[in-house]
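Novice:
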Ligand SMILES: C[S@@+](CC[C@H](N)C(=O)[O-])C[C@H]1O[C@@H](n2cnc3c(N)ncnc32)[C@H](O)[C@@H]1O
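Residue numbers (my numbering): 2 to 386.
1) Can you give the Cα-Cα distance for residue 17 and residue 28, rounded to whole angstroms?
2) Go ahead and pull the three-state DSSP assignment for residue 238.
3) With a threshold of 6 Å (Cβ to nearest heavy atom), would residue 216 be considered close to ligand 1?
4) Using a Cβ-Cβ cutoff of less than 6 Å, which residues in the same chain neighbour residue 271 once the five nearest sequence positions on both sides are dropped?
5) By Cβ distance below 6 Å, which residues in the same chain neighbour residue 40 in space, the five residues on each side in sequence not counted?
6) For residue 11, count the other beta carbons within 10 Å of its own beta carbon; 16 or more makes it buried, fewer makes it exposed. Which is it?
7) Using the Cβ count rule (16 or more neighbours within 10 Å means buried), how would you classify residue 243?
8) If you draw a straight line from the C-alpha of residue 30 to the C-alpha of residue 141, how long is it?
9) Excluding the 5 residues preceding and the 5 following residue 49 in the sequence, name in chain order all residues of the same chain whose CB lies nearer than 8 Å to its CB.
10) Report yes if the C-beta distance between residue 255 and residue 283 is below 7 Å; otherwise report no.
11) Do the CB positions of residue 159 and residue 210 come within less than 7 Å of each other?
12) With a CB to CB cut of under 8 Å and the five nearest residues on each side skipped, what residues in its chain are close to residue 170?
13) Need the endpoints of the alpha helix (DSSP H) that residue 11 sits in, please.
14) According to DSSP, is residue 69 helix, strand or coil?
15) Spell out the partners DSSP gives residue 351 in its beta bridges.
16) For the alpha helix (DSSP H) that residue 322 lies in, which residues bound it at each end?
17) Just the Cα atoms here: how many angstroms apart are residue 89 and residue 21?
18) Since residue 104 is in the alpha helix (DSSP H), which residue starts that stretch and which ends it?
19) State yes or no: is the C-beta of residue 225 nearer than 6 Å to some heavy atom of ligand 1?
20) How close, in whole Å, do the beta carbons of residue 57 and residue 42 come, if the pair is a contact with beta carbons under 8 Å?
21) Can you say whether residue 45 is buried or exposed, counting buried as having 16 or more other CB atoms within 10 angstroms of its CB?
22) To the nearest angstrom, report how far apart residue 346 and residue 335 are at their CA atoms.
23) Identify, in the order they occur along the chain, each residue of the same chain with its Cβ nearer than 8 Å to the Cβ of residue 105, setting aside the five sequence neighbours on each side.
24) Given the structure, does residue 201 come close to ligand 1, in the sense that its CB is under 6 Å from one of the ligand's heavy atoms?
25) May I ask you to check if the CB of residue 282 is nearer than 6 Å to at least one heavy atom of ligand 1?
26) Looking at ligand 3, does it come within less than 6 Å of residue 194, judged from the CB to the closest heavy atom?
27) Are the beta-carbon atoms of residue 349 and residue 268 separated by less than 7 Å?
28) Taking only runs that begin and end inside the stretch 196-280, name each unbroken beta strand (DSSP E) of 3 or more residues, in chain order.
29) Along the chain, where does the alpha helix (DSSP H) containing residue 174 start, and where does it finish?
30) Using a Cβ-Cβ cutoff of less than 8 Å, which residues in the same chain neighbour residue 139 once the five nearest sequence positions on both sides are dropped?
31) Roughly how many angstroms separate the alpha carbons of residue 234 and residue 130, rounded to a whole number?
32) Could you give the DSSP three-state label for residue 291: helix, strand or coil?
33) At a cut of 8 Å, does the stretch 375-385 reach the stretch 312-331 through at least three beta carbon pairs?
34) Which residues share a DSSP beta bridge with residue 58?
35) Between the alpha carbons of residue 125 and residue 133, how many angstroms are there, rounded?
36) Quick check on the burial criterion: 16 or more other C-beta atoms within 10 angstroms. Buried or exposed for residue 47?
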């Protein structure tokens, strides 16, 4: 059996018995060409095993994925016509193939890698939400379940949001208590995140969860309720309401994502009054504080440009929100929940109810200091709590 045939057999059998680690081709027959090396790995892409080829050119890399048999045919071609050297790494042995003139050599040595790598593809994203139906009806996916061109950012945002929820619930007693969970989404808009959250809680976590979206726009309420009904989300309801006037009784999780300006404060206040375990908000615009920033102490140069004043208003507004939540017994986290390339409105404030009683004075003192420094008479959230 020729050395070429032998190494091809080793490649095929290492794929079959899952010991394949990597195959590299080097020393191109055409030494003057741009292709210098090819590195081949085995990956699961869209649930199908594939051979992933990285073509290393002089100045750039190109990646191509092939189903296994198509990939083996490509390997055979590279071996016979394009390269003089091939190195196969498997978890059982390494094989070095060399060809010069009409002769070839195949050498077997001890395995460099003792285990085969994880086959998960780097680029394959874990998605916590399953429901293609509602995502299609909400206009995020097309009929084939692919993300629509202009909805990539939205899709990422939805998944990121559910990932945040996953992290918060992981060790939370809400998961282990077995009690029904009530969630309210204030300013639910088109309902992307509301649907995804319901899907995650009920389909993935198998919780007895009811989710309500509150929204001022009747057209969005009607549309979301129609979709919820059509996909059989029985405990997902959308209600017409104004956040500030909404009567909220016992609630476990309160969400307010991109609710406009002080609607975020209304939602936080409602959540705290309802003793919510978790309050999750992503503030939108910050007009109230921006307008009320008057005479700052020594910060004139920081606030003289519109954009800087706006950014400062955002920071001060959200810092005071977090302090007021802390004063009211919530441990807060403030972070960017998704990269700015997907949305500029990416700051998230999370409040988790603390177990111990809190002394509010130290937080309220900080609020006073900030207000004084930025010439603010009152933060809207203060007027609500
Ligand atoms: C920017 S959208 C965000 C929708 C959704 N939460 C999201 O992040 O995809 C804000 C929504 O909140 C609604 N809204 C704003 N102020 C509100 C209020 N005070 N009461 C109820 N809904 C409000 C708006 O009509 C709009 O649909």
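Ideal placement from N, C-alpha and C gives every residue a C-beta, glycine not left out. Note that the structure is predicted; figures quoted are calculated from it, not measured.
Specialist: The relevant details are as follows:
1) Indexing the chain shown from 1 puts residue 17 at position 16. Indexing the chain shown from 1 puts residue 28 at position 27. Near 27 Å, if we compare the C-alpha coordinates of residue 28 and residue 17.
2) Here the question's residue 238 lines up with position 237 in the chain shown. If DSSP states are grouped into helix, strand and coil, residue 238 belongs with the strands.
3) Counting from 1 along the chain shown, the entry for residue 216 is found at position 215. Yes, Cβ of residue 216 sits closer than 6 Å to a heavy atom of ligand 1.
4) Within the chain shown, residue 271 is the residue found at index 270, counting from 1. The residues are 249.
5) If you number the chain shown from 1, residue 40 lands on position 39. Closer than 6 Å at the Cβ level, and outside the excluded window around residue 40, lie 25 and 55.
6) To locate residue 11, count along the chain shown from 1; it is residue 10. That one is buried.
7) To locate residue 243, count along the chain shown from 1; it is residue 242. Exposed: under 16 other Cβ atoms inside 10 Å.
8) Counted from its first residue, the chain shown places residue 30 at position 29. Counted from its first residue, the chain shown places residue 141 at position 140. Each residue's Cα considered, the two are about 48 Å apart.
9) Position 48 of the chain shown holds residue 49. Excluding sequence neighbours, residue 49 sits near 68.
10) Residue 255 sits at position 254 when you count from the first residue of the chain shown. Residue 283 sits at position 282 when you count from the first residue of the chain shown. No. Outside cutoff.
11) Reading the chain shown from its first residue, position 158 is the one you call residue 159. Reading the chain shown from its first residue, position 209 is the one you call residue 210. Cβ distance not < 7 Å, so residue 159 and residue 210 don't count as in contact.
12) Residue mapping note: residue 170 aligns to position 169 of the chain shown, counting from 1. So the list reads 176 and 206, once near-sequence residues are dropped.
13) Position 10 of the chain shown, counted from the start, is the residue given in the question as residue 11. Here the alpha helix (DSSP H) through residue 11 covers 4-17.
14) Here residue 69 refers to the residue found at position 68 when the chain shown is read from its first residue. DSSP places residue 69 in helix when its eight states are reduced to three.
15) As a position in the chain shown, residue 351 is number 350, starting the count at 1. DSSP, once it has assigned bridges, lists 281 and 334 as partnering residue 351.
16) As a working note, residue 322 is residue 321 in the chain shown. Here the alpha helix (DSSP H) through residue 322 covers 307-328.
17) The residue labelled residue 89 in the question sits at position 88 within the chain shown. The residue labelled residue 21 in the question sits at position 20 within the chain shown. Going by the C-alpha atoms only, they are around 8 Å apart.
18) Counting from one through the chain shown, the residue named residue 104 turns up at place 103. From DSSP, residue 104 is part of no alpha helix (DSSP H) but of the beta strand (DSSP E) over 104-111.
19) Walking along the chain shown from the start, residue 225 turns up at place 224. Checking the Cβ of residue 225 against ligand 1 gives no.
20) Sequence index remark: in the chain shown, residue 57 carries index 56 (1-based). Sequence index remark: in the chain shown, residue 42 carries index 41 (1-based). At roughly 13 Å, the Cβ-Cβ gap does not stay under 8 Å, so residue 57 and residue 42 are not in contact.
21) Along the chain shown, read from residue 1 onward, the residue named residue 45 stands at position 44. Exposed is the call here.
22) Taking the first residue of the chain shown as 1, we reach residue 346 at position 345. Taking the first residue of the chain shown as 1, we reach residue 335 at position 334. Straight-line Cα distance between these residues: approximately 13 Å.
23) Taking the first residue of the chain shown as 1, we reach residue 105 at position 104. 3, 4, 5, 98 and 99, listed in sequence order.
24) Here residue 201 refers to the residue found at position 200 when the chain shown is read from its first residue. No, since every heavy atom of ligand 1 falls outside the 6 Å radius drawn around the Cβ of residue 201.
25) Here residue 282 refers to the residue found at position 281 when the chain shown is read from its first residue. For ligand 1, not one heavy atom lies less than 6 Å from the Cβ of residue 282.
26) Ligand 3 is absent from the structure shown, which contains only ligand 1.
27) Walking along the chain shown from the start, residue 349 turns up at place 348. Walking along the chain shown from the start, residue 268 turns up at place 267. No.
28) 210-216, 237-241 and 254-258
29) Sequence index remark: in the chain shown, residue 174 carries index 173 (1-based). Counting along the chain, the alpha helix (DSSP H) containing residue 174 begins and ends at 174-178.
30) As a first step, residue 139 must be located in the chain shown, where it is residue number 138. Cβ neighbours of residue 139 beyond the five flanking positions: 191, 192, 193, 196 and 228.
31) One-based indexing of the chain shown puts residue 234 at position 233. One-based indexing of the chain shown puts residue 130 at position 129. Their Cα atoms are separated by approximately 14 Å.
32) In the chain shown, residue 291 corresponds to position 290, counting from 1. Note: residue 291 maps to helix in three-state DSSP.
33) yes
34) Translated into the one-based positions of the chain shown, residue 58 becomes position 57. In the DSSP output, where bridge partners are listed per residue, residue 58 has 36.
35) For the purposes of this step, residue 125 is identified with residue 124 of the chain shown, where counting begins at 1. For the purposes of this step, residue 133 is identified with residue 132 of the chain shown, where counting begins at 1. In this prediction, residue 125 scores a pLDDT of 46, lower than 50, which makes its location untrustworthy; no coordinate-derived value is stated.
36) One-based indexing of the chain shown puts residue 47 at position 46. Burial call: exposed.
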